[in-house]
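S.K.: Okay, here's the structure, questions in a sec.
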Amino acid sequence: MSGRKPFRVWIWFFFVCPLLAWGAEPILRGTGDLGVIVERGAGRVLIVNTSSNSIVQRVDGLGDLSHA
24 MSGRKPFRVW IWFFFVCPLL AWGAEPILRG TGDLGVIVER GAGRVLIVNT SSNSIVQRVD
84 GLGDLSHA
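End of the sequence shown = 91 in my numbering, gap-free, step of one.
Given below as structure tokens:
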């Protein structure tokens, strides 16, 4: 019976772990797809995806950006 346990561990690491890692793969984006919008009056910066015309991230609370 003890000979079966190393086989199960081998199966786990070489077949199951890559399948789990495959789902954690990040989304690929071209470097030209991202843009930055500075909203000086609101003290906010937006990171946008220009391909899908959507906001990726919003950074609030930056204070007075009139000098930006």
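Glycine residues also receive a C-beta, built at the ideal position from the N, C-alpha and C atoms.
Per DSSP, which residues does GLY53 bridge with? Please list them.
M.R.: Counted from its first residue, the sequence shown places residue 53 at position 30. Answer is none; GLY53 lacks a bridge partner.
S.K.: Can you tell me where the alpha helix (DSSP H) with TRP43 in it begins and where it stops?
M.R.: Indexing the sequence shown from 1 puts residue 43 at position 20. Per the sequence shown, residue 43 should be read as Leu rather than Trp. That run of the alpha helix (DSSP H) goes 40-45.
S.K.: Could you tell me the alpha carbon to alpha carbon distance between GLY53 and LYS28, rounded to whole angstroms?
M.R.: Here residue 53 refers to the residue found at position 30 when the sequence shown is read from its first residue. Here residue 28 refers to the residue found at position 5 when the sequence shown is read from its first residue. Going by the C-alpha atoms only, they are around 45 Å apart.
S.K.: So ASN72 and LEU57 are in contact, right, with Cβ under 8 Å, and what is the actual spacing, rounded?
M.R.: Sequence index remark: in the sequence shown, residue 72 carries index 49 (1-based). Sequence index remark: in the sequence shown, residue 57 carries index 34 (1-based). Indeed, because the Cβ distance is near 6 Å, the residues count as touching under 8 Å.
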